[in-house]
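Reading the sequence shown from the start, the letters are residues 91 to 551 in our numbering.
Here is the structure we will look at, set down as structure tokens.
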Amino acid sequence: MTATPPEGSPRSASRHRRRPVPGATLLALHLLAVAALPAAFAGGGTRGARRWFGGGRSEGLRGEAQAAKDAAAAAFYELDTAQRDLRISIETITAVDDTPAARRTVSDFEALGRRIDEASSRYIEAVDAHDLDRDDLEASAAARARGELTAAKDELVRVKTDLDRFGQSLGPLLGKAETQLARLAPAVERARQALLAASNALDAVRESGLRADDLAARLAALGPELTKLNQGAGQHGVPETLERAERVQREAGAVRAEAERLPEKAAEIDHRLVSLRTRAQALTTRAGQVEPVLSELRRRFAAACWQDLQHVPDQAAENVRQAERKLTEAKAARDAQRWPDATSLLSTVRALLNTTDDSVSAAGDRLRRLNAVAKDPQQEIDRTRFAIRDAQRLAMSGRNTPDPRHARPLDEAVARLERAIGTLEGRHPDYWHFLTETEAVRQSATQVVGRIREERGGAGA
91 MTATPPEGSP
101 RSASRHRRRP
111 VPGATLLALH
121 LLAVAALPAA
131 FAGGGTRGAR
141 RWFGGGRSEG
151 LRGEAQAAKD
161 AAAAAFYELD
171 TAQRDLRISI
181 ETITAVDDTP
191 AARRTVSDFE
201 ALGRRIDEAS
211 SRYIEAVDAH
221 DLDRDDLEAS
231 AAARARGELT
241 AAKDELVRVK
251 TDLDRFGQSL
261 GPLLGKAETQ
271 LARLAPAVER
281 ARQALLAASN
291 ALDAVRESGL
301 RADDLAARLA
311 ALGPELTKLN
321 QGAGQHGVPE
331 TLERAERVQR
341 EAGAVRAEAE
351 RLPEKAAEID
361 HRLVSLRTRA
371 QALTTRAGQV
381 EPVLSELRRR
391 FAAACWQDLQ
401 HVPDQAAENV
411 RQAERKLTEA
421 KAARDAQRWP
431 DATSLLSTVR
441 ALLNTTDDSV
451 SAAGDRLRRL
461 NAVAKDPQQE
471 IDRTRFAIRD
481 AQRLAMSGRN
491 TPDPRHARPL
501 DEAVARLERA
511 IGTLEGRHPD
521 YWHFLTETEA
531 VRQSATQVVG
541 RIREERGGAG
551 A
């Protein structure tokens, strides 16, 4: 802006005193224009002068080159962002997965990284090689810049396309890794809570007067595992930490459950001690009744009917004595709160008494069965024949002739029954042999029935 001269100044006064000659101003402008022409045609003219005579094409190419540069910059930024995001995914996978597939993914990503470096270097070199802001930028230089920048942009786009495709292929591995990472913190917290609950349960048991030394030792053994959990997955790996957390939770939970059940277990052991001791005393009484049974068997039946029972009284007495010794040991283990030992000893006592009970019962059962068959063997015979006929009917069902695989064992069963019936003849029949034979015949018939049903069931299926 030009300031307005103040009134009364010498310049203003002269303007009023002297008026310019008409046409003088136009003549001065004409002379100035003529003087400027040689400079306009000189080789070192200004940028404005170049635009008058062909500079417009250079400016158009400059704009295209600048647009190519902007597009390449955008592609470079997108590729760099995609690479950073994908690197996070790769780190997530490698933190969790050490399988060959995961290792192959890492090597593939490294190969893509080398391609990214090459494309980025080409882009940076193209940018550095061309100064698009120069006043004297030649049209040829602008065109060359546009071409190189466009080529750099195209390569960046191609690499990003391959990078995106590679990222999509990571879906299963990444999903698995993210799932494990999502499980990590809750799993570690559950393990800590399980350890705390087990410790509290042990404290409650001790307050009731029970030591639970074995449970305390098991809980103490989990201490180093807790230390590793606190050190974190960064030091020990995600899969190992997850596995450790689950193992600690499981073992601590078992300690807690056993600790909570310990008072009940102690009461149960006390009850079993009393119950088994009472049962041993009862078996001692019953074992004393075996000898009269054997005497009657010897008096009324052949030797083959009772010889295998001769050892029952002595064996029963020995078993009861051994059971009583084990009961004493179990009581001592219970008093020392050696719960596993007490439980094991009581199981041994129970097995001894069960065996003794079966032996003592066998003598009375033998006498009862022999009395029944001696009085009326026909009932046993009819029972066995019914089993054979039932198997024969099934073998003939839907057939004109039975399958030899079924007919042969049934024919043998019939013959075996007849031979057993024949042993009943004579002055002193071996009734026990007869009973064992009829039992074997019935079992044979039952086996044939089972095979037939299995075969027909399989064929129907």
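For each residue, glycine too, the CB sits at the ideal point set by N, CA and C.
Fewer than three Cβ pairs drawn from the region 445–457 and the region 494–508 lie within less than 8 Å of each other, which leaves the two stretches out of contact. At a Cβ-Cβ threshold of 8 Å, A462 and V380 do not count as neighbours. In the structure shown, W396 adopts coil according to DSSP, grouped into three states.
Boundaries of the alpha helix (DSSP H) around H496: 494–512. The continuous alpha helix (DSSP H) containing D304 extends over residues 303–310.
Each of S289, S179, T418, L316 was checked against the Cα of G261, and the nearest Cα belongs to S179. Out of E336, Q173, E358, D223, the CA that lies nearest to the CA of L202 is found in Q173. Taken through DSSP and simplified to helix, strand or coil, D254 comes out as helix. With contacts defined by Cβ atoms closer than 8 Å, A342 and A284 form a contacting pair. CA-to-CA, the gap between R475 and K355 works out to about 52 Å. In this structure, E348 places its C-beta atom within 8 Å of the C-beta atom of L305. P519 carries a coil assignment under DSSP once its states are collapsed to helix, strand and coil.
Shown here, Q537 sits in a helix according to DSSP, grouped into three states. Of all C-beta pairs linking the region 363–370 to the region 333–342, fewer than three are shorter than 8 Å, placing the two stretches out of contact. Under the three-state reduction of DSSP, Q156 is assigned to helix. For the pair T536 and A477, the CB atoms are nearer than the 8 Å cut-off. The closest CA to that of D160, considering only L373, R440, E527, L239, is found on L239. The C-alpha of R440 is placed about 10 Å away from the C-alpha of S434. In the three-state scheme derived from DSSP, where H, G and I count as helix and E and B as strand, A426 is classed as coil.
With contacts defined by Cβ atoms closer than 8 Å, L246 and A235 do not form a contacting pair.
Assignment of alpha helix (DSSP H) within the region 177–237, counting only whole runs of 4 or more residues, yields 190–219 in chain order.
I206 is the residue among E544, H523, R424, I206 whose C-alpha sits nearest the C-alpha of F166.
In this chain, the alpha helix (DSSP H) harbouring H326 covers 323–326. For S289, the uninterrupted alpha helix (DSSP H) run begins and ends at 261–297, by DSSP. When secondary structure is reduced to three states using DSSP, G488 falls in the coil class, being assigned neither helix nor strand. Between the region 246–258 and the region 292–312, the count of Cβ pairs shorter than 8 Å is below three; the stretches do not touch.
In the DSSP assignment, P467 falls outside any alpha helix (DSSP H) and carries neither an H nor an E. Close CB contacts of Q156 within its chain, under the 7 Å cut and outside five residues either way in sequence, are with L222 (chain order). Burial is judged here by how many other beta carbons sit within 10 angstroms of a residue's own beta carbon; N290 has fewer than 16 and is exposed. For L387, the enclosing alpha helix (DSSP H) begins and ends at 380–390.
In its chain, beyond the 5 residues on either side, L373, R376, A377, V380, V402, A406 have a beta carbon closer than 7 Å to the beta carbon of V450. Of all alpha-carbon atoms in D425, D455, T526, H518, the one lying nearest the alpha-carbon of E470 is that of T526. The three-state secondary structure of L436, taken from DSSP, is helix.
Taking a C-beta distance under 8 Å as the contact criterion, A420 and L436 qualify as a contact pair. For E181, the closest C-alpha among the options P276, A233, A241, L271 is that of L271.
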